[in-house]
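Novice: Before I ask anything, here is the structure I am working with.
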Amino acid sequence: MVITTAIAETFNVTEKSQELDLDPSIIENSPVIQKWIQEIPDVSSQILHEPSFRTRYRFGYSQFPSNNNSGGIFVGVEDIFIGNTSLTFSANYNSDLSNSSNPQNNRLSVGANVQYYVLPLGNYVNFAPMVGYKYIETNDYNTGGINVGLKMAFALSPNGAADIFFTQSFVSPSSNNEVGVTQINVGYAITKNLRLSTEIGWQNSIKQKDSQVSIGFEWMP
Numbered sequence: 004m005v006i007t008t009a010i011a012e013t014f015n016v017t018e019k020s021q022e023l024d025l026d027p028s029i030i031e032n033s034p035v036i037q038k039w040i041q042e043i044p045d046v047s048s049q050i051l052h053e054p055s056f057r058t059r060y061r062f063g064y065s066q067f068p069s070n071n072n073s074g075g076i077f078v079g080v081e082d083i084f085i086g087n088t089s090l091t092f093s094a095n096y097n098s099d100l101s102n103s104s105n106p107q108n109n110r111l112s113v114g115a116n117v118q119y120y121v122l123p124l125g126n127y128v129n130f131a132p133m134v135g136y137k138y139i140e141t142n143d144y145n146t147g148g149i150n151v152g153l154k155m156a157f158a159l160s161p162n163g164a165a166d167i168f169f170t171q172s173f174v175s176p177s178s179n180n181e182v183g184v185t186q187i188n189v190g191y192a193i194t195k196n197l198r199l200s201t202e203i204g205w206q207n208s209i210k211q212k213d214s215q216v217s218i219g220f221e222w223m224p
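Those letters in the sequence shown? Residues 4 to 224, by this note's numbering.
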């Protein structure tokens, strides 16, 4: 009764049912039809401004095969949207939890980036140039500096239900300490706000080549 009264205050259900050749009960029980009757949505604007992926707060466990299979943790955030724009912010921290004195077990990575998605945010495929800072420590070797690269997004299902992100970046490019970082992240939603996440990563430098496998959860507000 409350729903019917609210609809009646906006438009006449009987008149609209005759106009659209629909049963009045269908209109009364369909919020989508009611929305379209009141105002036809701007679909092109939604494609431009409503992202096919969401902000993700990440945490979980990491395994470092190239560092004597030492284990650790990762925490971070991906794609915090800056205002109503295609510019996003990401940050991450990744470290081993080994108490070993062996430097080959050491692993640390911390950084932050901004990225700008070139295509409309509603696209299922998108890419973003990225720039930021990253510090890397591994096997008694460390480097840090500007981090530039490219991030690719493949939204397999809208609103963060399932997607794949591929990132290729370079720390301190064109220097003797340059490190190439490759990451592939796959996420799959198990509830509206919680996802399972897996990530594979590689770090390549003149002095060291490293690998990483991570599994954890992502919270989407």
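Beta carbons: idealized from backbone N, C-alpha and C, even for Gly. Remember, it's a predicted structure, so these values are computed and weren't measured experimentally.
Relative to the alpha-carbon of N207, which residue among G147, G183, V128, Q118 has its alpha-carbon at the smallest distance?
Specialist: G183
Novice: How many Å lie between N109 and Y96 at the Cα?
Specialist: 14 Å
Novice: Could you give the first and the last residue of the continuous beta strand (DSSP E) run that contains T170?
Specialist: 165-174
Novice: Cα-Cα, which of V128, E140, N196, E31 is closest to I167?
Specialist: V128
Novice: From S73 to G163, what does the alpha carbon distance come to, in whole angstroms?
Specialist: 31 Å
Novice: Return helix, strand or coil for S28, following the three-state DSSP convention.
Specialist: helix
Novice: Taking the Cβ atom as the reference point for each residue, do F77 and D213 lie within a distance shorter than 8 Å?
Specialist: no
Novice: Count the other C-beta atoms from every protein chain shown that fall within 10 angstroms of the C-beta of K210, then say buried if there are 16 or more, exposed otherwise.
Specialist: exposed
Novice: Ordered along the chain, which non-local residues of its own chain (more than five positions away) have a Cβ less than 8 Å from that of F173?
Specialist: N150, V151, G152, E181, V182, G183, V184
Novice: Report the rounded CA-to-CA distance for Q215 versus I203, giving the unit in angstroms.
Specialist: C-alpha of Q215 to C-alpha of I203: approximately 6 Å in a straight line.
Novice: Does Q186 come out as helix, strand or coil in the three-state DSSP assignment?
Specialist: strand
Novice: Closest by CA to W222, which one among P176, N32, P54, Y60?
Specialist: Y60
Novice: Can you tell which of N196, V113, Y120 has the C-alpha that lies nearest to the C-alpha of G148?
Specialist: V113
Novice: By Cβ distance, which residues of its chain are closer than 7 Å to Q186, with the 5 residues on each side in sequence left out?
Specialist: T170, E202, G204
Novice: Measuring CA to CA, which of M133, S28, D99, V80 is closest to P224?
Specialist: V80
Novice: Can you give me the start and stop residues for the beta strand (DSSP E) that T201 sits inside?
Specialist: 197-208
Novice: With DSSP run on the structure shown, which of helix, strand or coil describes Q107?
Specialist: helix
Novice: Which one or two residues does DSSP pair with N145 in a beta bridge?
Specialist: E140
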